[in-house]
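Participant: Protein chains in written order, with my numbering: chain A, 133 to 246; chain B, 259 to 367.
Idealized CB from N, CA, C, for every residue including glycine.
(1) Kindly indicate which residue of B:265, B:269, B:270, B:279 has the alpha-carbon position closest to the one of residue 326 (chain B).
(2) Would you call the CB atoms of residue 212 (chain B) and residue 267 (chain B) closer than 8 angstroms?
(3) Looking at the unbroken beta strand (DSSP E) that takes in residue 309 (chain B), where does it start and where does it end?
(4) I'd like to know whether the C-beta atoms of residue 136 (chain A) and residue 155 (chain A) end up nearer to each other than 8 angstroms.
(5) With contact counted as at least three CB pairs below 8 angstroms, one residue from each stretch, are the region 143-155 of chain A and the region 202-217 of chain A in contact?
(6) Which bits of chain B does residue 188 (chain A) rub up against, with CB to CB less than 7 angstroms?
(7) Which residues in chain A have a C-beta closer than 8 angstroms to the C-beta of residue 282 (chain B)? List them in chain order.
(8) Skipping 5 residues on each side, what residues in its chain have a beta carbon closer than 6 angstroms to that of residue 330 (chain B)?
(9) Quick one, which of A:166, A:213, A:144 has its alpha-carbon nearest residue 182 (chain A)'s?
(10) Please compile the residues from chain A whose C-beta is within a distance smaller than 9 angstroms of the C-beta of residue 304 (chain B).
(11) Confirm, please, whether the CB-CB distance from residue 359 (chain B) to residue 265 (chain B) is below 8 angstroms.
(12) Can you name the residues of chain A whose CB is closer than 9 angstroms to the CB of residue 358 (chain B)?
(13) With a threshold of 16 other CB atoms inside 10 Å of the CB of residue 297 (chain B), please say whether the residue is buried or exposed.
(14) Quick one: measure Cβ to Cβ for residue 344 (chain B) and residue 236 (chain A), integer angstroms, because I've assumed they're closer than 8 angstroms.
(15) For residue 338 (chain B) and residue 294 (chain B), what's the separation of their Cα atoms in angstroms?
(16) In the structure shown, what three-state DSSP assignment does residue 339 (chain B) receive?
(17) Give the range of the beta strand (DSSP E) segment to which residue 182 (chain A) is assigned.
(18) Give the residues of chain B in contact with residue 240 (chain A), contact being defined as C-beta atoms less than 9 angstroms apart.
(19) Please state the DSSP three-state secondary structure of residue 188 (chain A).
(20) Can you confirm whether residue 180 (chain A), when its beta carbon is compared against all beta carbons of chain B, has any partner nearer than 8 angstroms?
(21) Determine which residues of the region 219-231 of chain A have a Cβ less than 9 angstroms from any Cβ of chain B, and write them out in chain order.
(22) Establish whether the CB of residue 307 (chain B) and some CB of chain A are separated by less than 8 angstroms.
(23) If you check the beta carbons only, do residue 138 (chain A) and residue 221 (chain A) fall under 8 angstroms apart?
(24) Would you check if the distance between the CB atom of residue 191 (chain A) and the CB atom of residue 177 (chain A) is smaller than 8 angstroms?
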């Protein structure tokens, strides 16, 4: 049973470009979460999604960031017009359902904005 | 607000037991206590979780105080591979874990 798969593992973008990070949850998991970890800082919750629904986006920056989890395919975290401050590790996690279930993290996607 | 308090760092020698404390004095009756750890350049890894009773698994043991205001993660025999940042998290719903700064565990040979 494959774990949470994230790609790309490393991504370099110039300022102003778009970054797309993909996350395939574990088999049988219908809930996806995105976290961001800035250099030398802790993990910050960004967004929680179920298939075709955003459940909680209280941690998402108001502009340039969006997330989706379509009926088919991986969850996508999209960052438009990237700036240097977006350089971070972005972690995806999944769980089979909410309330009482452990969430499992992927290995992360490291975004570097130059 | 992580709502848990952990020491910034701890040290241990290999093969010795490690007790990582966590205070969660404002925990509610339905909050679970979760522990994750993060090795350098890796994603967080689930360690253990519990509600009221002590819990054991192949990785660790979780001792929860009777009043649930604190808990202790116990690594029975530390190895070099256990060097990581350990996060204690309380959560009403595990669908939104709020991570604090954790405890950085160093293990010496």
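Facilitator: Let's see:
(1) B:279
(2) In this structure chain B extends from 259 to 367, so residue 212 (chain B) is not present and cannot be described.
(3) Looking at the DSSP string, residue 309 (chain B) is not in any beta strand (DSSP E), and its letter there is neither H nor E.
(4) Yes. Within cutoff.
(5) With a cut-off of 8 angstroms, the region 202-217 of chain A and the region 143-155 of chain A count as touching, because enough Cβ pairs lie within range.
(6) Neighbourhood of residue 188 (chain A) in chain B, by CB distance below 7 angstroms: 354, in chain order.
(7) Within chain A, no residue has its CB atom less than 8 angstroms from the CB of residue 282 (chain B), the nearest being about 17 angstroms off.
(8) 277, 279, 321
(9) The shortest C-alpha separation from residue 182 (chain A) is found at A:166.
(10) 234, 235, 236, 237
(11) The Cβ atoms of residue 265 (chain B) and residue 359 (chain B) do not sit closer than 8 angstroms to each other.
(12) 174
(13) Classification for residue 297 (chain B): exposed.
(14) The pair is not a contact, with the Cβ atoms about 17 angstroms apart (cut-off 8 angstroms).
(15) 17 angstroms
(16) helix
(17) 175-182
(18) 299, 300, 301
(19) strand
(20) yes
(21) 221, 223, 224, 225, 227, 229, 230, 231
(22) Yes, because at least one Cβ of chain A sits closer than 8 angstroms to the Cβ of residue 307 (chain B).
(23) no
(24) The Cβ-Cβ distance between residue 191 (chain A) and residue 177 (chain A) falls below 8 angstroms.
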